[in-house]
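Colleague: Residues 1382 to 1606 in our numbering are what the sequence shown lists, from first letter to last. Here you go, one structure.
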Amino acid sequence: MSDTAAAWHDGGVHKYVIMGVQGSGKGTQSKLLAERYDLVHLSVGDIFRWNVQSHTKMGARVRRAIDSGNMVSDDVVEAVVQQRLMEHNWNYGFIIDGFPRNGDQAEFFLESFDIDAVINLELETEEVERRVLSRRLCEGCGLDYNLMAHRPEAEDVCDVCGGRLVQRADDNPEALARRLDDYYAKTQPVLDIFSRKELILNIDASPRVDEVFEDICRSLPPVGN
Ligand code: ZN
């Protein structure tokens, strides 16, 4: 986010931030919003995966962090986002998912970009647990299952490849509780900063995907061009 990027950003395009705990459907809602409003979905997680798979220098930094058992550090995240936004085509707006991650990044982001809204998907911890702990992953083809929403035909067997369905190692109550504590501790300062600018739309993420989506669309502020 250089000053030049900040200078030519503002042409009536929509710029949204989306936040939400694991299991809140953040990725799904981002994709739906990107389709409806012709936005680019900037997912920090997807950018990381692309860099790792493409063996870029950034990918090597991400890999090193993950291999040493650490979270990818805030400055790596910031560098990734900056690099991506430098390449952004400002004929299109964006919805960014996975950034900002701390108060400093949120301040900087607000100074550099004219954010239209921050969509905050809220989900009670009980429901997060219900959703996350019912996730299964096919060992064979990697397809995701959810034992509530997307049940396989036969128990523990992948419909597509016949592979065995397993739970991710870190999808257990203890690890999830740690991730949630970490999420709320990190996110609160970000939400506080966005709240000062009255940008936050708190959305109940517990209904069905299409209902949550319509709720978001109704809540978004009108954007004048
Ligand atoms: Zn499979």
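Note that CB positions come from ideal geometry on N, CA and C, so glycine has one too. Keep in mind that this is a model prediction, so the values were computed, not measured.
Quickly, what does DSSP pair GLU1503 with across the bridge? List them, please.
Modeller: Beta-bridge pairing links GLU1503 to ASP1585.
Colleague: Beta-carbon within less than 7 Å of GLU1520's beta-carbon, same chain only, minus the 5 sequence neighbours each way: which residues are those?
Modeller: Result list for GLU1520: GLY1544, ARG1545 and VAL1547, in chain order.
Colleague: Please return the same chain residues whose Cβ sits closer than 6 Å to the Cβ of SER1411, not counting the five positions on each side in sequence.
Modeller: Answer for SER1411: ILE1399, HIS1422, ILE1476 and ASP1478, listed in chain order.
Colleague: Just list the alpha helix (DSSP H) runs in the stretch 1476-1557, keeping only unbroken ones of 4 residues or longer that don't cross its boundaries, in chain order.
Modeller: If we require 4 residues or more, the alpha helix (DSSP H) runs fully inside the stretch 1476-1557 come out as 1484-1493 and 1506-1514.
Colleague: Can you tell me whether VAL1421 is helix, strand or coil according to DSSP?
Modeller: Strand at VAL1421.
Colleague: Hey, is GLN1486's beta-carbon within less than 9 Å of any beta-carbon in chain C?
Modeller: Protein chains in the displayed structure number just one, and chain C is not present.
Colleague: Exposed or buried, which one is PRO1588 when buried takes at least 16 other CB atoms within 10 Å?
Modeller: Its Cβ having fewer than 16 others within 10 Å, PRO1588 is exposed.
Colleague: Distance check for GLU1534 and SER1493, CA to CA, integer angstroms please.
Modeller: Distance between the alpha carbons of SER1493 and GLU1534: 49 Å.
Colleague: Considering only DSSP beta bridges, list what LYS1438 is partnered with.
Modeller: DSSP output for LYS1438 lists no bridge partner at all.
Colleague: Where HIS1395 and ASP1419 are concerned, what is the direct C-alpha to C-alpha distance, given to the nearest angstrom?
Modeller: Their Cα atoms are separated by approximately 9 Å.
Colleague: Going by CA-CA distance only, name the one from MET1439, GLU1416 and LYS1407 that's closest to SER1424.
Modeller: Nearest of MET1439, GLU1416 and LYS1407 to SER1424, Cα basis: LYS1407.
Colleague: Here's the rule I'm using: 16 or more other beta-carbon atoms within 10 Å means buried, otherwise exposed. How should GLY1426 be labelled?
Modeller: When all chains shown are included, GLY1426 counts as exposed.
Colleague: Could you spell out the range, first to last residue, of the alpha helix (DSSP H) harbouring VAL1461?
Modeller: Note, VAL1461: alpha helix (DSSP H), 1455-1467.
Colleague: From this set, GLU1507, ALA1487, GLU1555 and LEU1491, which residue's C-alpha is nearest LYS1567's C-alpha?
Modeller: Ranking GLU1507, ALA1487, GLU1555 and LEU1491 by Cα distance to LYS1567 puts ALA1487 first.
Colleague: For the stretch 1502-1520 and the stretch 1443-1453, state whether three or more C-beta atom pairs, one from each stretch, are separated by less than 8 Å.
Modeller: The stretch 1502-1520 is not in contact with the stretch 1443-1453.
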